[in-house]
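These notes are about the structure you will find just below.
There are 2 protein chains.
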Amino acid sequence: MNKILLLEDDNALGYLLSEYLKMKNFHLRWISNSTEALVLLEKEKFDLLILDVMMPEMDGFTLAQKIKDLYPTIPFIFLTARSLKVDVLKGFSFGAVDYLKKPIDEEELVVRIQALLARLNVADSPTTYDQIKIGDYCFMPNVQQLKYNDDYTISLTSRESELLLFLWRHKNQLATHKEILTTIWGENDYFNKKSLNVFISHLRKYLSKDSNISIENIHNKGFLFKVLD
Amino acid sequence: MNKILLLEDDNALGYLLSEYLKMKNFHLRWISNSTEALVLLEKEKFDLLILDVMMPEMDGFTLAQKIKDLYPTIPFIFLTARSLKVDVLKGFSFGAVDYLKKPIDEEELVVRIQALLARLNVADSPTTYDQIKIGDYCFMPNVQQLKYNDDYTISLTSRESELLLFLWRHKNQLATHKEILTTIWGENDYFNKKSLNVFISHLRKYLSKDSNISIENIHNKGFLFKVLD
DNA sequence: AAAAAGATTAACGAAAAGTTAATAACCTTA
DNA sequence: TAAGGTTATTAACTTTTCGTTAATCTTTTT
């Protein structure tokens, strides 16, 4: 879950936003004091800051400057009543990732935050889960390869790989001819069905080392990819 | 420099924005047709899309949906005259990173783009390497050299070096023709694909001493730079 | 037992990929 | 600006790959 720090000195708005964001399942911390923010950042890690520009003691810009120096990677959004263009430009020049003008629409704020955090999270995890364990085999659909026990690797053709993926997604269920043909070949006709048989045959051969795996034919219906665990 | 694709059917606004953004040193391409956008994205790589929501033929939302499916990582901004709240929410739900209401303030657009690209760039290339161990080889992209076991050194051409770096960054993953061509050659067409083959051939020869390294072709898709450790 | 469906292997042709050589573009330096 | 060298692209040709089709045999159904 994502931790957000909201810095807003207006009690009404601060309360409204913090309750709303909590309701939307953000882990939210609301404070109304700039110096407290710095103390808190020292102790806890936040994924996002939401800063009001107009603040007593220290205004949002100077605070942002300080934060930028201390924690250059943490993203922050400005909230402001001043919709002066020069302020918007100034906000971004300070490194803001967004700048919202009051009155704040809570729903819009939420979707903007979500869009932002989604981007941050995908940037973090380039990991494409692309390893599928099938018995003694490991199937990597993205690179169209099938590895047997670290022993050897079989390169699959596109059709073979698509078909295996389809079967795996429907493992231990009936995968009908029609489903397979329409999704992989695009058309369900006599000749493509012949092709399908050829590819089933290929896959059976590739997977023959593990007796817990089988591709069984269901007469006149389709195939059953059986994987015992 | 960052490449931006602007899709805006209003000639006056399209012209204004494209000129303004060019002046601000963006590499900008302006088109007014949704289908043209899809064709262009197939051939060229863009860092950011700016889409008008209201378009003839295909509206921005459906286009965004298509783009999202085909190129899930490319960020886009919506531009719109409809400031209906439901549209803003819809825009973000489609994966937009920002949503600007007309009339567009060009200066604000520029700073928002800059903020966005700045974040993308730091996330993308966190490090620049000057020594990369690849099996028995040591690759030095900055000096475009490839050393085999302190034994001998191969001087690489710029293309060879760029390609090897790209492959290394995508090692053990599928590097599609399109990705390679759009990032290194800038354009994805028949002839550049031919060139790519030539360079792949060069690299294979250079790297042939270490049997744990291979560049495998994935038919009709791209290449797989395999490095076993 | 006949007919239909499925399995397996092989053959084929089109398209893609690999390789080497030739040409064109691009620098540098005189 | 011309020469020479380097690099990238294009061309020409060969090899490989892949999906379909065909041929043959086996299994299932009625």
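Here the protein sequences line up with chains A and B, keeping their order. Read in order, the letters of the first sequence correspond to residues 1 to 229 in our numbering. Read in order, the letters of the second sequence correspond to residues 230 to 458 in our numbering. Note that beta-carbon positions come from the ideal geometry of N, C-alpha and C, so glycine has one too. All values reported here derive from a predicted model rather than from experimental measurement.
Query	Result
Those residues which DSSP pairs with Asn-446 of chain B across a bridge	B:Phe-452
Thr-386 of chain B, DSSP secondary structure in three states	coil
CB contact check: Phe-92 of chain A to chain B, cutoff 8 Å	yes
Buried versus exposed call for Met-140 of chain A [16 or more other C-beta atoms within 10 Å across all chains shown]	buried
Contact between the region 22–37 of chain A and the region 56–65 of chain A (3+ Cβ pairs under 8 Å)	yes
For Thr-302 of chain B, three-class secondary structure by DSSP	coil
Closer than 8 Å to chain B by CB, Asn-142 of chain A	yes
Leu-257 of chain B in three-state terms, based on DSSP	strand
The region 61–88 of chain A: positions lying closer than 7 Å to chain B by Cβ	Lys-85, Val-88
Distance CB(Arg-341 of chain B)-CB(Phe-92 of chain A) smaller than 8 Å	yes
Alpha helix (DSSP H) runs contained entirely in the region 319–406 of chain B, provided each spans 4 or more residues	335–353, 387–398
First and last residue of the uninterrupted alpha helix (DSSP H) at Leu-246 of chain B	240–252
Local Cβ density within 10 Å of Ile-218 of chain A, reported as buried at 16 or more and exposed below that	exposed
Reduced DSSP secondary structure (H/G/I, E/B, other) of Phe-307 of chain B	strand
Buried versus exposed, by CB contacts within 10 Å (16 or more), Ser-125 of chain A	Any reading at Ser-125 of chain A is ruled out, since the residue's pLDDT is 43, under 50, leaving its predicted position unreliable.
Cβ neighbours of Leu-28 of chain A in the same chain (closer than 7 Å, five flanking residues each side left out)	Ile-4, Leu-6, Ser-18, Leu-21, Lys-22
Ile-4 of chain A, enclosing beta strand (DSSP E) - first and last residue	3–7
For Ile-183 of chain B, the residue or residues it bridges with in DSSP	The structure shown does not extend to residue 183 of chain B, since chain B is modelled only from 230 to 458, so the question has no answer here.
Beta carbon proximity, Val-53 of chain A to chain B, threshold 8 Å	no
Burial state of Tyr-381 of chain B, where buried means 16 or more other Cβ atoms lie within 10 Å	exposed
Extent of the continuous alpha helix (DSSP H) run through Lys-201 of chain A	Here residue 201 of chain A turns out to be Ser, not Lys, going by the sequence shown. Here the alpha helix (DSSP H) through Ser-201 of chain A covers 190–206.
Ser-263 of chain B (DSSP reduced to helix, strand or coil)	helix
Below-8 Å beta-carbon distance, Ser-195 of chain A vs any chain B residue	no
Interface flag, Tyr-129 of chain A vs chain B, CB-CB below 8 Å	Bear in mind that a pLDDT of 47 at Tyr-129 of chain A, under 50, signals an unreliable position, so the number given afterwards is only what the model happens to contain. With 8 Å as the cut-off, Tyr-129 of chain A does not count as an interface residue toward chain B.
Within-8 Å CB hit, Asp-105 of chain A to chain B	yes
Under the three-state DSSP convention, the category Asp-316 of chain B falls into	helix
CA-to-CA distance, Asp-130 of chain A to Thr-411 of chain B, given in whole angstroms	24 Å
9 Å Cβ cut-off: residues of chain A touching His-256 of chain B	Under the 9 Å cutoff, chain A gives no residues; its nearest Cβ is about 21 Å from His-256 of chain B.
Neighbour flag for Glu-108 of chain A against chain B, beta carbons, 8 Å	yes
Per-residue burial, Val-494 of chain B [other beta carbons within 10 Å of its own, 16 or more giving buried]	Residue 494 of chain B is absent from the model: chain B starts at 230 and stops at 458.
Coarse secondary structure for Leu-40 of chain A, derived from DSSP in three states	helix
DSSP state of Glu-416 of chain B mapped onto helix, strand, coil	coil
Candidates A:Arg-204, A:Ala-12, A:Asn-2, A:Arg-82, of which the one nearest Lys-45 of chain A by Cα	A:Asn-2
Euclidean distance between Cα positions of Ile-279 of chain B and Leu-117 of chain A	20 Å
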